[in-house]
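Undergrad: Below: one structure in structure tokens.
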Amino acid sequence: MNGCSSPQEGSIPSFLVQRSDFSDDLVVEGVVESVYTTNVFCPSEVEGIVVYIVEDGTYVKEGDILCIIEDKDLDSDYESASINLESALAELNKVKVDLLLQTAMLEADVRSNEAATDIANLDSLQLQYLSDNQRKIRELELQQTAIRKSKIETKLRTLNIIHETEIKKHELRIERHKERIEKLRERKESLTVKSPVDGLATRAMHWLTGKKIIEGDHVWERLPLIIIPDMEEIKVILEASESEYKRINPGNRVTYTFDAMPEVQAFGEVIQKTSAGSPVESGSKVKYFEVEASVDSAGVLIPPGMSARCQIHLEQVKDTIIVPHIAVFDEDSIKVVYVKKNKFYEMRQVVITHSSLQTAVVAAGLAAQEQVALLRPPRSHIKSKKFLPDSIISLFAVNPSDSLINLSSELSNE
């Protein structure tokens, strides 16, 4: 132990007191995660089987293929829609031909009626030479020809309106078929899922299996397929035991090291702690608690998923008196150390403000360069006792950290 003397046989080992920086650290394992991620989902209106998915941890660029999905129902729908479109186009052509034929027949009737009208008009020149009855018959025939002409012209106009309406109806039907085919085509294209950004692609966990998605898995719309983390801003998720969790507080500074990148060191601080623990394994009563810590500076890009060794600085005190825990003893509800005075010892009351598993901060009662015993001396070796005044002890009754500053000020005034 640094600062310990080399006692002669049978003597009590001691520690040379020096001023140094105190740090109570806790080491916990953690995993690097991205603060922001891009989630790539199974496309909407798609349900099928994964026939290809990019390998976990592959670096991809924008536009690279991430996943290919087979949707047999979609293929069947697309084929049916294509057949329906072809049928609608054929039906439109048939309607156009039928309407053209009817129009041609009416136009022929119009021409025939016009010829009959011309003949009747020629015959009307002879009306003056006919008897009254014959004249009336010819006049009625001319009226019938005029009426027939009007009917044919009306029918032709009506047919044109019907013609336009019927064609419009079929064209609208064709447009709907085309729109459906376009949507189905877009859905077919969406079966080939491409990366929206550059980054490190990791397979998402399947909601049903609880494992990462693989070829052959059944997927549906809004199911996450690939996660691409933003490597520019990362955090670390620590898994702390219950005893470790109780010692950690938001704001504690953290130093990170990485087994996969031994030359890299990063720094951050604890951001938040989860309130509920999770079993270490199914059925276990032992729980772990998640603690989230930021990464403020790293110098290099650290990929998500990498394990991290997290040294959490629970408490730090600069330039203070530190002794080993084994040098501090309980004596009638007070803390004491045994200061070496030549061949004997002085029992001295001390105030401990901070402590770790190995060392303690002595805020009052001890000075640098003094030697303290690491074992309790026999009573015959203790020649004097020294206690702290109440004015000193009262300084540490409320806030030990602030009391260190107050004590330094008080001693300076003295």
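Under the working numbering, read the sequence shown as residues 778 to 1191, first letter to last. Where is the CB? At the ideal position from N, CA and C, for every residue including glycine. Bear in mind that the values here come from a model prediction, so they are computed numbers and not experimental data.
(1) The alpha helix (DSSP H) that contains L1172, what's its start and end?
(2) Is any heavy atom in the ligand ADP found nearer than 8 Å to the beta carbon of L878?
(3) What is the rounded straight-line gap between the Cα of V823 and the Cα of S1052?
(4) When the Cα of Q1135 is compared with those of I1111, A1145, D1007, V1100, which residue comes out closest?
(5) Just list the alpha helix (DSSP H) runs in the region 1003–1029, keeping only unbroken ones of 4 residues or longer that don't cross its boundaries, in chain order.
(6) Any contact of the region 787–794 with the region 995–1005, i.e. 3+ C-beta pairs under 8 Å?
(7) Can you tell me whether G987 is buried or exposed? The criterion is at least 16 other CB atoms within 10 Å of its CB, across all chains shown.
(8) Ends of the beta strand (DSSP E) at G834?
(9) State buried or exposed for K1117, treating a residue as buried only when at least 16 other CB atoms are found within 10 Å of its CB.
(10) Is Y813 helix, strand or coil when you go by DSSP?
(11) Measuring alpha carbon to alpha carbon, tell me which of V805, L961, S821 ends up nearest E856.
(12) What's the gap between the Cα of V1057 and the Cα of L977?
(13) Which residue wins for smallest C-alpha separation from V1077, given the options Y813, T1034, E1016?
(14) Going by the DSSP bridge assignment, what does S1132 pair with across the sheet?
(15) What does DSSP give as the partner residues of S1161 in its beta bridges?
(16) What number of angstroms, rounded off, separates the C-alpha of S821 from the C-alpha of E959?
(17) Suppose you measure from the CA of L851 to the CA of I1079; what does that come to, to the nearest Å?
(18) My output table needs one value for S800: the three-state DSSP class, helix, strand or coil.
(19) What is the rounded straight-line gap between the Cα of G1045 and the Cα of V805?
(20) For M778, which residues in the same chain have their Cβ closer than 6 Å to its Cβ, ignoring the five residues on either side in sequence?
(21) How big is the Cα-Cα spacing for E1147 and I789?
(22) In the region 949–1009, which residue ranges form an unbroken beta strand (DSSP E) of at least 3 residues, counting only runs that do not cross its ends?
(23) Is the distance from the Cβ of C1087 to the Cβ of V1138 below 9 Å?
(24) Please check the pair H947 and V874, which I expect to be a contact at CB under 8 Å, by giving their CB distance rounded to whole angstroms.
(25) Just mark L1181 as buried or exposed, buried being the case when its beta carbon has 16 or more other beta carbons within 10 Å.
(26) Do you know offhand how far I867's Cα is from K932's?
(27) Could you check the C-alpha separation between V1041 and S1071 for me, to the nearest Å?
(28) Kindly identify the DSSP beta-bridge partner or partners of A867.
(29) Between the C-alpha atoms of G807 and A1085, what's the straight-line distance to the nearest angstrom?
(30) Could you compute how far the alpha carbon of L1151 sits from the alpha carbon of I1159?
(31) Return the CA-CA distance between S1133 and H1090, expressed in angstroms with no decimal places.
(32) Can you grab the Cα-Cα spacing for the pair R957 / P973, in whole Å?
(33) Taking 9 Å as the cut-off, decide whether the C-beta atoms of L1165 and Q1126 are in contact.
(34) Restricting to Cα atoms, I'd like to know which of D975, E943, M882 is closest to K838.
(35) So for T1097, helix, strand or coil by DSSP?
(36) Look up S1055 in the DSSP assignment and give the residues it is bridged to.
TA: Working from what's here:
(1) By 1-based counting over the sequence shown, the position of residue 1172 is 395. 1167–1172 is the extent of the alpha helix (DSSP H) around L1172.
(2) Although the ligand ADP was asked about, the structure shown includes no ligands whatsoever.
(3) Locating residue 823 in the sequence shown gives position 46, counting from the first residue. Locating residue 1052 in the sequence shown gives position 275, counting from the first residue. Those two C-alpha atoms are separated by around 38 Å.
(4) Within the sequence shown, the letter at position 358 stands for residue 1135. Among I1111, A1145, D1007, V1100, the Cα nearest to that of Q1135 is on V1100.
(5) Listed in chain order, they are 1019–1024.
(6) With the cut-off at 8 Å, the region 787–794 and the region 995–1005 do not touch.
(7) Translated into the one-based positions of the sequence shown, residue 987 becomes position 210. Exposed, because fewer than 16 other Cβ atoms sit within 10 Å of the Cβ of G987.
(8) Looking up residue 834 in the sequence shown gives position 57. It is not in any beta strand (DSSP E) - G834 carries neither H nor E in the DSSP assignment.
(9) The residue given as residue 1117 occupies position 340 in the sequence shown. Buried.
(10) Taking the sequence shown and counting its residues from 1, one reaches residue 813 at position 36. Y813 falls in the coil class under three-state DSSP.
(11) Translated into the one-based positions of the sequence shown, residue 856 becomes position 79. Looking from the CA of E856, the closest CA among V805, L961, S821 belongs to L961.
(12) Indexing the sequence shown from 1 puts residue 1057 at position 280. Indexing the sequence shown from 1 puts residue 977 at position 200. One Cα belongs to V1057, the other to L977, and the distance between them is close to 29 Å.
(13) Residue 1077 sits at position 300 when you count from the first residue of the sequence shown. Looking at the Cα atoms, T1034 is the closest of the given residues.
(14) Numbered from 1 along the sequence shown, position 355 holds the residue referred to as residue 1132. Here S1132 is bridged, per DSSP, to A1137.
(15) If you number the sequence shown from 1, residue 1161 lands on position 384. Bridge partners of S1161: E1123.
(16) By 1-based counting over the sequence shown, the position of residue 821 is 44. By 1-based counting over the sequence shown, the position of residue 959 is 182. If you take the alpha carbons of S821 and E959, they lie about 15 Å apart.
(17) For the purposes of this step, residue 851 is taken as residue 74 along the sequence shown, with counting starting at 1. For the purposes of this step, residue 1079 is taken as residue 302 along the sequence shown, with counting starting at 1. Put simply, the backbone Cα of L851 is about 42 Å away from that of I1079.
(18) Sequence index remark: in the sequence shown, residue 800 carries index 23 (1-based). Of the three classes helix, strand and coil, the one that applies to S800 here is strand, per DSSP.
(19) For this step, residue 1045 is matched to residue 268 along the sequence shown. For this step, residue 805 is matched to residue 28 along the sequence shown. Between the alpha carbons of G1045 and V805 lies a gap of roughly 14 Å.
(20) As a working note, residue 778 is residue 1 in the sequence shown. Bear in mind that a pLDDT of 45 at M778, under 50, signals an unreliable position, so the number given afterwards is only what the model happens to contain. So no residue of the chain qualifies.
(21) For the purposes of this step, residue 1147 is taken as the residue at position 370 of the sequence shown. For the purposes of this step, residue 789 is taken as the residue at position 12 of the sequence shown. Approximately 15 Å, taken between the alpha carbons.
(22) Segments of the beta strand (DSSP E) lying fully in the region 949–1009: 969–971, 976–980, 995–997, 1001–1006.
(23) Position 310 of the sequence shown, counted from the start, is the residue given in the question as residue 1087. Position 361 of the sequence shown, counted from the start, is the residue given in the question as residue 1138. No, the Cβ-Cβ distance between C1087 and V1138 is not below 9 Å.
(24) Numbered from its first residue, the sequence shown carries residue 947 at position 170. Numbered from its first residue, the sequence shown carries residue 874 at position 97. Beta-carbon to beta-carbon, H947 and V874 are separated by about 12 Å, too far to satisfy the 8 Å threshold.
(25) For the purposes of this step, residue 1181 is taken as residue 404 along the sequence shown, with counting starting at 1. Bear in mind that a pLDDT of 48 at L1181, under 50, signals an unreliable position, so the model cannot answer this.
(26) By one-based count along the sequence shown, residue 867 stands at place 90. By one-based count along the sequence shown, residue 932 stands at place 155. The question names Ile, yet the displayed sequence has Ala at residue 867. In this structure, the alpha-carbon of A867 lies about 27 Å from that of K932.
(27) To locate residue 1041, count along the sequence shown from 1; it is residue 264. To locate residue 1071, count along the sequence shown from 1; it is residue 294. Cα to Cα, V1041 sits roughly 16 Å from S1071.
(28) By one-based count along the sequence shown, residue 867 stands at place 90. The partner list for A867 (beta bridge, DSSP) is empty, contrary to what the question assumes.
(29) Translated into positions along the sequence shown, residue 807 becomes position 30. Translated into positions along the sequence shown, residue 1085 becomes position 308. Spanning the two alpha carbons is a distance of roughly 5 Å.
(30) Within the sequence shown, numbered from 1, the residue matching residue 1151 stands at position 374. Within the sequence shown, numbered from 1, the residue matching residue 1159 stands at position 382. Going by the C-alpha atoms only, they are around 14 Å apart.
(31) Start at 1 with the first residue of the sequence shown, and residue 1133 comes out as number 356. Start at 1 with the first residue of the sequence shown, and residue 1090 comes out as number 313. One C-alpha to the other measures close to 11 Å.
(32) Locating residue 957 in the sequence shown gives position 180, counting from the first residue. Locating residue 973 in the sequence shown gives position 196, counting from the first residue. Rounded to whole angstroms, the gap between the alpha carbons of R957 and P973 is 26 Å.
(33) Locating residue 1165 in the sequence shown gives position 388, counting from the first residue. Locating residue 1126 in the sequence shown gives position 349, counting from the first residue. For L1165 and Q1126, yes; Cβs fall inside 9 Å.
(34) Taking the sequence shown and counting its residues from 1, the one referred to as residue 838 is at position 61. Ranked by Cα distance from K838, the options D975, E943, M882 are led by D975.
(35) On the sequence shown, position 320 is the one that residue 1097 refers to. Three-state result, T1097: strand.
(36) One-based indexing of the sequence shown puts residue 1055 at position 278. Per DSSP, Y1065.
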